[in-house]
Structure formats: structure tokens, C-alpha cells
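Structure record follows, encoded as C-alpha cells.
Number of protein chains: 2
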Amino acid sequence: MSTFAALAEPNRRLLLEAMIDGAKPVNQLVELIGQSQPVVSKHLRILRESGLVSVERNGQQRLYSINPQPLRELDQWLQPYRQFWADRLDALEAHLNNLPEEEDR
Amino acid sequence: MSTFAALAEPNRRLLLEAMIDGAKPVNQLVELIGQSQPVVSKHLRILRESGLVSVERNGQQRLYSINPQPLRELDQWLQPYRQFWADRLDALEAHLNNLPEEEDR
DNA sequence: AAAGAGTATATCTATTTAGATATATATCTT
DNA sequence: AAGATATATATCTAAATAGATATACTCTTT
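Taken in sequence, the protein lines are chains S and F. Following the numbering used here, the numbering of the first sequence begins with 1 at its first residue and continues without gaps. Following the numbering used here, the numbering of the second sequence begins with 106 at its first residue and continues without gaps.
Below, the structure is given as C-alpha cells:
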């Protein structure tokens, strides 16, 4: 399944978003998205097969985490369209505003 | 339909890509993606309803062009994931490298 | 006004897909 | 080893969707 198709399902986007702050076991993901465990496992399988997440065993749990490569490619796919919403300086400024915060130095 | 769902269909992505260099009438788009006219019109309707394209009449033709707003939002959706493939400086550098070319000044 | 060109819509069908339910597999605990 | 816990898979069903075909609409040309 393409990255776009994998991301087309809202619950799968929720699952990804839940992993932004780190790897999560399935039972935590089940709670977070409020769907049955088999449904969550099925979505996770699709995310896995699309390369969007990786799994790691930890005892009887499986820890799912984000695999950034397909998202990177999505970022690149967007490239030719960026000309439509900004000239060079605006794009740079927007990018700087979007960067994660950090202490002054 | 969500932006993601609209973009999940390969022919719709082809249609969008065909509009990168400017507005195009339906018959040109039909040729470019090699699908029947009704199928193309259907895909264009979905792109329209998702806000990804705009139409303008020109005599008996309809000119379709890219409407960037949803793609912009997709770009913003990606933001929290960018930390996974770069630290701040790398991200900035990558962004600068990605900007459209322009003459020196 | 009639004919033709460009495009949209309606309807049908086959395929895909999300979620439900039941069950299997693997690990841990006692 | 038996039970409990965590997760995956199989099967079914209802809904969504892409493409095919037929037809309607609108503008232009004659």
C-alpha cells in the first residue's frame, strides 16, 4: 500500500501521532485510539507493510515506533508544489518559525 | 474526502502533477493520464471537493489548476515528524537546498 | 436552430477495505 | 505445566470506491 493510502485512514494517522513522543506497546495504542485490539493490530500491520513503523519485541509486548523514511519521501513529493504558496524568503521564514524550540545559546 | 484520501489514488496524483506547470483543460488531462473522460472528470470532481484544484471556465473548456491550501496543510502536518530525519541545522540546510532556484543577486 | 465539441453526471459492477468476532500464537507467572 | 497476558491472524459483512457505459448539459459554429 502506498504511503498516501496508508495515511488515508484517520485511525492510522492517530496511531502515528501517538508515536511521535516515542515507541509504544500495542495496548497503549489501543487505549489511545479507542478501537478494538484486532483493529489496531490490523492498522499496525498496514503501517508496518508501508514502512511507516517498525516493531521491536519487549517480552510479551511489541513496541511500535515511527520509521521516518516514507514521511521523508512525502516531504520530497511536496517539493514541486511549494512554489505555489511561497517565494524563497517566505519559505525560509516559515521554516524557521516552524523549527522546534531550543534554549538560547 | 480528506486530502490524504484524495491523494491516495495514483491517477489523482498524476492529475495534480500535470497541473504543476499551469492550468490545463480536461481533454489535455485525459490524454496525459490515459483514462476515459468520465473517469477523469470524476477524479477532478474529487480533487475539487477536497479543495486541491480550482476550475475556471474558458468557453466550452474548463481549466483546472492547483489550489495549494490543502498541500500547505499537508506540509504542516509533516512538521512534528521532521525531527525524525534531521536536527535543526540539517533541517534548515535541507530546506535551503530544496528551495526553487533563482538567479544570484 | 441544428450539429458538434467539451465536460459532467447517473448508474452499474467488481474490488477493496474497515470493523466485528472468533481464535491462534507467544510470553510470562505461578 | 497451567493459566494469564499481549498480540496477531482468519473470516465475515457492510460500506466505499474505481472504472465502464450511457446520457445530459453547455457552449460554439454553421
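Quick reminder that beta carbons are idealized off the backbone N, C-alpha and C, glycines included.
Does chain S have any CB closer than 7 angstroms to the CB of residue i?
{"i": "proline 175 of chain F", "result": "no"}
{"i": "alanine 113 of chain F", "result": "yes"}
{"i": "alanine 191 of chain F", "result": "no"}
Check for me: the alpha helix (DSSP H) holding residue i runs from which residue to which?
{"i": "arginine 72 of chain S", "result": "69-78"}
{"i": "isoleucine 33 of chain S", "result": "26-33"}
{"i": "glutamate 17 of chain S", "result": "10-18"}
{"i": "alanine 110 of chain F", "result": "108-112"}
Anything in chain S within Cβ reach of residue i, meaning under 8 angstroms, just list it in chain order.
{"i": "alanine 123 of chain F", "result": "Near alanine 123 of chain F there are no residues of chain S at all, since even the closest Cβ is about 12 angstroms away, more than 8 angstroms."}
{"i": "serine 107 of chain F", "result": "Ala8, Pro10"}
Which chain S residues sit within Cβ distance under 9 angstroms of residue i?
{"i": "isoleucine 151 of chain F", "result": "Those within 9 angstroms of isoleucine 151 of chain F in chain S number zero; the least Cβ separation is about 12 angstroms."}
Indicate whether at least one CB of chain F lies closer than 7 angstroms to the CB of residue i.
{"i": "alanine 23 of chain S", "result": "no"}
{"i": "tyrosine 81 of chain S", "result": "yes"}
{"i": "isoleucine 33 of chain S", "result": "no"}
Along chain F, which residues have their Cβ under 8 angstroms away from the Cβ of residue i?
{"i": "serine 50 of chain S", "result": "Correct list: empty, because the minimum Cβ distance to chain F is about 11 angstroms."}
{"i": "leucine 78 of chain S", "result": "Leu176, Leu179, Asp180, Leu183"}
Please report the residue range of the beta strand (DSSP E) in which residue i lies.
{"i": "glutamine 188 of chain F", "result": "Note, glutamine 188 of chain F: premise wrong, no beta strand (DSSP E); not H, not E."}
Would you list the residues sitting across from residue i in a DSSP beta bridge?
{"i": "isoleucine 66 of chain S", "result": "S:Val53"}
{"i": "glycine 166 of chain F", "result": "Contrary to the premise, residue 166 of chain F reads as glutamine rather than glycine in this sequence. Bridge partners of glutamine 166 of chain F: F:Asn163."}
Relative to the alpha-carbon of residue i, which residue among the options has its alpha-carbon at the smallest distance?
{"i": "proline 173 of chain F", "options": "F:Leu121, F:Lys129, F:Arg150, F:Ile138", "result": "F:Leu121"}
{"i": "glycine 127 of chain F", "options": "F:Ile138, F:Val158, F:Val144, F:Arg153", "result": "F:Val158"}
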